[in-house]
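The UniProt record's numbering puts the sequence shown at residues 1 to 74.
Glycine residues also receive a C-beta, built at the ideal position from the N, C-alpha and C atoms.
Since the structure comes first, as C-alpha cells, the remarks are kept for the end.
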Amino acid sequence: MGETPMKVLVPVKRVIDYNVKVRVTGLDVRFSAPVHPGETVRFHIWREGGEARFSASIPERQVVVLNNGAAGFA
Numbered sequence: 001m002g003e004t005p006m007k008v009l010v011p012v013k014r015v016i017d018y019n020v021k022v023r024v025t026g027l028d029v030r031f032s033a034p035v036h037p038g039e040t041v042r043f044h045i046w047r048e049g050g051e052a053r054f055s056a057s058i059p060e061r062q063v064v065v066l067n068n069g070a071a072g073f074a
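If you want it as C-alpha cells, here you go:
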C-alpha cells in the first residue's frame with residue numbers, strides 16, 4: 001500500500017481537527033476508479049458518529065475514485 005493511506009488521511013484528519021493529535025484506529029475505503037497524474041482530486045468529508053466518512057471524485061471526468069471511506073479516530 002505504501003504512501004496511499006497517508007495521502008488519504010491528510011484531508012480526513014483536517015476535518016477532524018488538524019491541530020489535535022489523534023490516533024487512527026481504523027481505515028476502510030474502496031478504490032473505485034484510477035486517478036491519472038495531473039488530475040484534481042476533490043474530497044467530500046463529513047463526520048458521522050465517531051468516524052470521518054469520505055469519498056473522492058475527479059470533477060473533470062465526473063467519476064468517483066474513492067467510495068465508502070471511513071476513518072476511526074481516538
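Helix, strand or coil for residue i per DSSP?
i, result
"Arg23", "coil"
"Arg61", "coil"
"His36", "coil"
"Gly72", "strand"
"Met1", "The predicted position of Met1 is uncertain, since its pLDDT is 43 and thus under 50; a value taken from the coordinates is nonetheless stated next. If DSSP states are grouped into helix, strand and coil, Met1 belongs with coil."
Using the beta-carbon count (16 or more within 10 Å), is residue i buried or exposed?
i, result
"Ala52", "buried"
"residue 91", "The structure shown does not extend to residue 91, since the chain spans only 1 to 74, so no value can be given for it."
"Val29", "buried"
"Gly50", "exposed"
Give every residue of the same chain whose Cβ lies closer than 8 Å to the Cβ of residue i, excluding the five residues on either side of it in the sequence, and list them in chain order.
i, result
"Gly2", "Caution is warranted here: a pLDDT of 47 is assigned to Gly2, below 50, making its placement in the model unreliable, and no coordinate value can be reported."
At a threshold of 6 Å, does residue i count as lining the ligand GTP (C-beta to nearest heavy atom)?
i, result
"Pro59", "With respect to small molecules bound, the structure shown includes none, and the ligand GTP cannot be examined in it."
Let me make sure I understand the geometry here. Which of the options has the alpha-carbon closest to that of residue i?
i, options, result
"Ser32", "Gly72, Ala74, Ser57 and Phe73", "Ser57"
"Glu60", "Arg23, Val41, Lys21 and Gly50", "Val41"
"His36", "Val24, Val63, Trp46 and Lys21", "Val63"
Tell me which residues share the same chain as residue i and place their Cβ nearer than 6 Å to its Cβ, disregarding the 5 neighbours each side in the sequence.
i, result
"Asn67", "Arg30, Ser32 and Ser55"
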